[in-house]
Structure formats: C-alpha cells, structure tokens
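These notes are about the structure you will find just below.
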C-alpha cells in the first residue's frame with residue numbers, strides 16, 4: 028500500500044489492532060522504513076501511515092501500561108509530535124492539526140536535542156552511538172545492560188545546553204522503555220532495548236497480554252519501583 032509517496036508494507040498483525048506476536052515478521056515488513064518509522068509503525072492500527080491520539084492510547088494500553096499512563100501518552104506524545112510531522116502542503120499545512128495526528132513518513136522531523144544521536148536526522152538507527160551509550164554509562168561490568176539511572180547519567184553528561192524540552196523528552200522516553208521492559212534486576216538488557224528501538228518487541232508483548240487478558244497490570248508500578256531501587260545497589 029502506498030499513501031502519498033509513503034509505502035506501507037506492514038499489516039494489522041504488526042500493530043496493536045491484531046498483534047501476531049512475530050518479531051521477525053515485524054522486522055521484515057518494516058525493513059523498507061527508517062528505524063524511527065519502524066519504531067512507531069506498531070501504533071498505526073489501520074496501516075494508513077497516520078497515528079491518532081486514540082491509536083497511541085490503545086497501543087500503550089495493549090503493551091500493559093495501564094489506563095493513566097496510556098492516557099498521558101496519548102496526550103503528550105501526539106501533542107508534542109503532531110505538528111513537526113504534519114505535511115507542509117500550502118498555507119494550511121503550517122497550521123496545527125486539530126486532531127493531533129502523527130504522520131509516520133515525517134517522523135524524522137520529531138528528532139529532538141539531547142537524544143545522544145541514537146537515531147540520525149534521517150531517522151536511521153546508529154549502532155555506534157548506541158554502543159557508546161552502553162560502554163560509557165552502563166554501571167554493569169559486562170556493559171550489556173542499562174539501568175534508568177544510567178540513562179539519566181548520560182543525559183547529565185551529554186545533554187545539550189539549555190535544552191530543557193529535549194532533556195525532559197529524553198527522560199520520559201527512557202522511563203517509558205524502562206516501564207515497558209520492567210526488568211526484575213533493575214537493568215534493561217541490550218537486546219530488549221534494541222527490540223524497543225526497532226519496534227519488533229511490541230507485537231510480541233501485545234499478543235502475550237491479549238492472551239493473558241492482562242492489559243492493565245495493577246502491580247506494575249510497584250514492580251517498576253522495586254526495580255529502580257534494586258538498580259541503585
């Protein structure tokens with residue numbers, strides 16, 4: 028499917044609408060996209076290249092984030108990234124979208140400062156930058172895992188001067204990754220992080236939650252807090 032020059036090869040099985048739980052299928056069907064586009068394709072329920080706030084809300088809910096977090100994600104993410112991703116066609120193209128939709132094909136315009144350049148300005152994953160993040164800031168001896176505090180340490184050392192918006196977004200993004208992975212040890216494994224960065228882990232977790240009827244996890248905040256405490260020691 029092609030929509031206004033943007034080729035869509037993924038299907039609903041790769042999204043929260045009908046997750047098939049197949050990470051390899053997700054990678055194969057998003058390989059024509061940039062890494063950043065592939066990262067968010069999971070939230071495009073009708074595969075039209077556009078993510079509505081409701082898509083973001085339901086997508087986060089399917090990943091087990093719970094109602095409050097998912098509602099906040101739908102508001103903040105679409106509120107922040109709708110305008111930068113909006114196509115600039117004519118004068119009206121410069122006006123904000125009243126529905127706060129996100130256009131996947133333009134997601135590269137949503138790259139913000141203080142992000143350690145894990146994605147390039149073209150939206151491609153940069154393995155050298157990710158490897159440098161692990162080697163410089165992982166508090167584990169094997170340099171294969173990161174705690175949430177490690178990511179904040181990297182922000183303190185390499186965040187752009189006076190880039191308060193970028194720093195806040197960076198912290199919220201990594202906190203979301205941490206909440207999603209919920210590592211018992213308090214440390215996120217490298218392969219799990221990569222699965223989040225390319226989006227391939229999303230349909231796997233969404234299907235697991237659907238089978239377990241476990242979309243809302245009341246104990247998740249306590250598990251997250253316990254992991255954060257563990258990673259301090």
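In the working numbering, the protein residues as written are 28 to 260. Idealized CB from N, CA, C, for every residue including glycine.
Can you check DSSP and say which residues form a bridge with residue 211?
In DSSP, residue 211 forms no bridge with anything.
Name the residue from 227, 140, 52 whose alpha carbon lies nearest to the alpha carbon of residue 190.
Per the Cα distances, 140.
Of all the beta strand (DSSP E) runs that stay within the bounds of the stretch 171 to 195, which reach a length of 3 or more residues?
DSSP runs (the beta strand (DSSP E)) wholly in the stretch 171 to 195: 172 to 174.
Touch check for the stretch 190 to 206 and the stretch 129 to 147: three-plus C-beta pairs under 8 angstroms?
Contact holds: three or more Cβ-Cβ distances are below 8 angstroms.
What did DSSP end up calling residue 77 once you bin it into helix, strand or coil?
Strand at residue 77.
In angstroms, rounded to a whole number, what distance separates the CA positions of residue 50 and residue 66?
Between residue 50 and residue 66, the C-alpha separation is close to 12 angstroms.
Could you give the residue range of the alpha helix (DSSP H) that holds residue 217?
Note, residue 217: alpha helix (DSSP H), 217 to 224.
Could you check what DSSP says for residue 151 in three-state terms: helix, strand or coil?
Looking at residue 151 - three-state DSSP - the assignment turns out to be coil, as it is neither helix nor strand.
Touch check for the stretch 63 to 80 and the stretch 153 to 165: three-plus C-beta pairs under 8 angstroms?
Flag = no, the stretch 63 to 80 and the stretch 153 to 165 do not touch.
According to the Cβ coordinates, are residue 334 and residue 229 closer than 9 angstroms?
Outside the displayed span of the chain (28 to 260) sits residue 334, for which this structure offers no information.
Among 203, 210, 222, which residue has its Cα nearest to the Cα of residue 87?
Ranking 203, 210, 222 by Cα distance to residue 87 puts 203 first.
Excluding the five sequence neighbours on either side, which residues of its own chain have a C-beta within less than 6 angstroms of the C-beta of residue 53, listed in chain order?
Excluding positions up to five away in sequence, the list reads 41, 227, 230.
What's the C-alpha gap between residue 149 and residue 167?
Approximately 31 angstroms, taken between the alpha carbons.
Using DSSP with H/G/I as helix, E/B as strand and the rest coil, what is residue 146?
It is a strand residue.
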